[in-house]
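Numbering (UniProt numbering), first residue to last: 1 to 521.
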């Protein structure tokens with residue numbers, strides 16, 4: 001491998017006039033790529049910054065199209081950068097802040113793309129400095145440093161770790177809370193499976209603390225709780241033959257693999273381990289998508305789920321209100337292409353430097369570092385999320401997934417269709433026989449379902465949940481939490497969960513349960 005020294009140079013060519021917009025018809029920025037094999041700069045592209053606002057930089061807010069990337073050289077990149085959006089001067093400050101970060105990421109990715117295009121994937125070494133673990137651990141509070149088993153154990157809840165091997169050889173970690181917590185009675189015979197959302201982990205069910213976290217609350221109510229993780233997250237980043245650090249094929253998965261392979265494997269395993277006929281299920285965000293895909297494509301699993309609670313259900317995302325999410329979705333094709341060219345197929349992984357940076361920032365300035373992203377992405381005011389929960393979010397929440405999985409979420413936002421992965425017309429016709437990809441037939445979901453939605457959720461918005469409610473044939477209740485400032489994250493991290501969510505879940509499970517043998521220590 002040849003180690004190449006390079007830099008991505010940003011050169012301002014217009015005079016700053018006190019505004020955040022370059023003059024019309026000027027090429028406001030140009031970017032050059034330099035490396036040791038060339039004495040002269042190799043031009044990457046030259047463009048007016050005004051259209052960048054369509055990708056989300058927040059640097060310009062007018063609608064002037066300006067010169068753009070050469071579409072012949074960079075067709076996908078050109079299309080994404082010129083995507084039209086409604087980003088304007090009235091956008092809220094948090095979205096602008098997050099959008100600036102997004103544009104910086106885009107610029108770096110474009111530089112890496114050019115590096116690989118010029119020298120080939122095997123010729124470029126892109127080093128980075130990871131923050132010292134010792135320094136990071138010294139900054140983090142204790143609960144941020146603990147894994148699922150340690151965190152639950154700290155508060156008196158014993159945990160067994162189980163490993164499930166799927167049919168395609170992924171190793172999934174499932175956490176079984178065996179301790180009785182505050183339960184003094186007998187254990188309910190029907191186990192409960194909890195499934196987290198996008199780039200999240202099983203930790204999410206603990207982060208609100210022992211007085212509010214759903215995993216704790218269900219255990220205290222004498223339920224046998226199993227917290228699952230899916231392929232590619234920090235607990236299930238393993239395979240019998242593929243190395244996630246070196247084999248790109250490991251990361252070739254998205255929504256279908258979760259719903260058609262991982263979740264059925266988890267359900268079967270829990271049923272086998274507990275000698276139960278079925279399970280209760282609680283999913284949050286993508287965890288609801290997993291359930292809907294499983295029960296609509298493998299209908300026998302409708303009989304293995306006694307009751308499903310869907311928190312912030314995510315199927316059609318046609319009415320997503322987060323402008324930042326819409327900007328990211330619009331730019332997802334360019335990011336996917338560029339990241340693949342640079343062999344970046346994991347996103348938000350715990351081994352990646354941004355994870356540790358987020359962990360430190362959330363610990364030191366939780367009301368800024370964690371509140372701003374949550375408000376911009378999910379719609380939560382975060383007033384009901386405790387300071388301690390915010391402090392540990394940075395190290396627990398971003399647990400990793402594949403870029404392909406995140407791209408499919410973007411496809412749902414862009415199209416409003418809850419469908420199979422879109423590979424493009426030619427490959428869709430080859431794989432599915434139709435284009436666009438077929439939608440999942442949710443009329444096949446026979447399991448009794450309770451839909452739970454937050455009023456200010458910018459991702460799982462009421463308009464989309466209305467569509468889901470009208471489609472599913474067996475909805476027991478469509479519950480809108482009576483808290484106007486609750487959003488997407490409130491349904492798993494809010495300190496008032498026992499009052500507004502956990503109690504409702506427990507009441508439903510009690511109604512549909514049978515008592516079994518006394519708890520064993």
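Here a beta-carbon is modelled for each residue, glycine too, at the ideal position from N, C-alpha and C.
In whole angstroms, give me the CA-to-CA distance for residue i and residue j.
i, j, result
"residue 522", "residue 322", "No answer is possible for residue 522: it lies beyond the span of the chain, which begins at 1 and ends at 521."
"residue 230", "residue 445", "22 Å"
"residue 207", "residue 389", "6 Å"
"residue 477", "residue 222", "24 Å"
"residue 204", "residue 298", "27 Å"
"residue 242", "residue 249", "7 Å"
"residue 340", "residue 327", "20 Å"
"residue 8", "residue 269", "For residue 8, the predicted model reports a pLDDT of 37, less than 50, meaning its position is unreliable and no value from the coordinates is stated."
"residue 245", "residue 352", "11 Å"
"residue 546", "residue 162", "No answer is possible for residue 546: the residues shown for the chain start at 1 and end at 521."
"residue 211", "residue 454", "21 Å"
"residue 195", "residue 288", "8 Å"
"residue 470", "residue 504", "22 Å"
"residue 354", "residue 197", "20 Å"
"residue 239", "residue 286", "22 Å"
"residue 175", "residue 236", "11 Å"
"residue 417", "residue 315", "8 Å"
"residue 564", "residue 337", "Lying outside 1 to 521, the shown extent of the chain, residue 564 is not represented and no answer is given."
"residue 402", "residue 179", "33 Å"
"residue 511", "residue 430", "47 Å"
"residue 479", "residue 309", "10 Å"
"residue 24", "residue 457", "Low confidence applies to residue 24: its pLDDT is 36, below 50, so where it sits in the model is not reliable enough to give any reading."
"residue 490", "residue 482", "12 Å"
For residue i, I'd like the list of residues in its chain whose CB is within less than 8 Å of its CB, leaving aside the five on either flank, ordered along the chain.
i, result
"residue 146", "154"
"residue 260", "293, 294, 297 and 298"
"residue 276", "189, 190, 191 and 270"
Exposed or buried, what is residue i when buried is set at 16 or more other beta-carbons lying within 10 Å of its beta-carbon?
i, result
"residue 150", "exposed"
"residue 141", "exposed"
"residue 368", "exposed"
"residue 143", "buried"
"residue 507", "exposed"
"residue 502", "buried"
"residue 356", "buried"
"residue 441", "exposed"
"residue 499", "exposed"
"residue 182", "exposed"
"residue 387", "exposed"
"residue 473", "exposed"
"residue 252", "exposed"
"residue 272", "exposed"
"residue 344", "buried"
"residue 443", "exposed"
"residue 320", "buried"
Please list, in chain order, all residues of the same chain as residue i whose beta carbon is under 7 Å from its beta carbon, the five residues on each side excluded.
i, result
"residue 274", "191 and 224"
"residue 422", "411, 428, 436 and 437"
"residue 265", "164, 166 and 172"
"residue 391", "141, 144, 362, 363 and 366"
"residue 420", "256, 432, 437 and 438"
"residue 359", "136, 140, 144, 394 and 395"
In three-state DSSP terms, what is residue i?
i, result
"residue 409", "helix"
"residue 251", "helix"
"residue 195", "strand"
"residue 531", "No answer is possible for residue 531: it lies beyond the span of the chain, which begins at 1 and ends at 521."
"residue 419", "strand"
"residue 451", "strand"
"residue 459", "coil"
"residue 503", "helix"
"residue 477", "strand"
"residue 490", "helix"
"residue 91", "Because the pLDDT of residue 91 is 44, which lies under 50, any placement of that residue in the model is unreliable, and the number read from its coordinates should be weighed accordingly. It is coil, neither helix nor strand."
Got a sec? Which residues, its chain only, sit under 6 Å from residue i by beta carbon, not counting five neighbours each side?
i, result
"residue 233", "201, 399 and 400"
"residue 302", "295, 446 and 447"
"residue 263", "290 and 294"
"residue 492", "204 and 284"
"residue 177", "157, 159, 219 and 225"
"residue 382", "371 and 374"
"residue 513", "188 and 190"
task: Would you mind listing the alpha helix (DSSP H) stretches within the segment 148-190 that are 4+ residues and don't spill past its ends, in chain order?
output: If only uninterrupted alpha helix (DSSP H) runs of at least 4 residues are considered, those enclosed by the segment 148-190 are 148-154.
query: Mind pulling the alpha helix (DSSP H) runs of 4 or more residues that sit fully within the segment 284-364?
result: With a minimum length of 4 residues, the continuous alpha helix (DSSP H) runs that stay inside the segment 284-364 are 286-297, 323-330, 332-341 and 353-364.
message: Runs of 3 residues minimum, wholly inside the segment 198-286: which ones carry the beta strand (DSSP E) assignment?
response: For the segment 198-286, whole beta strand (DSSP E) runs of length 3 or above, ordered along the chain, are 225-228 and 279-284.
- prompt: Where are the beta strand (DSSP E) runs, 3 residues long or more, that stay fully inside the segment 367-404, in chain order?
  reply: With a minimum length of 3 residues, no continuous beta strand (DSSP E) run stays inside the segment 367-404.
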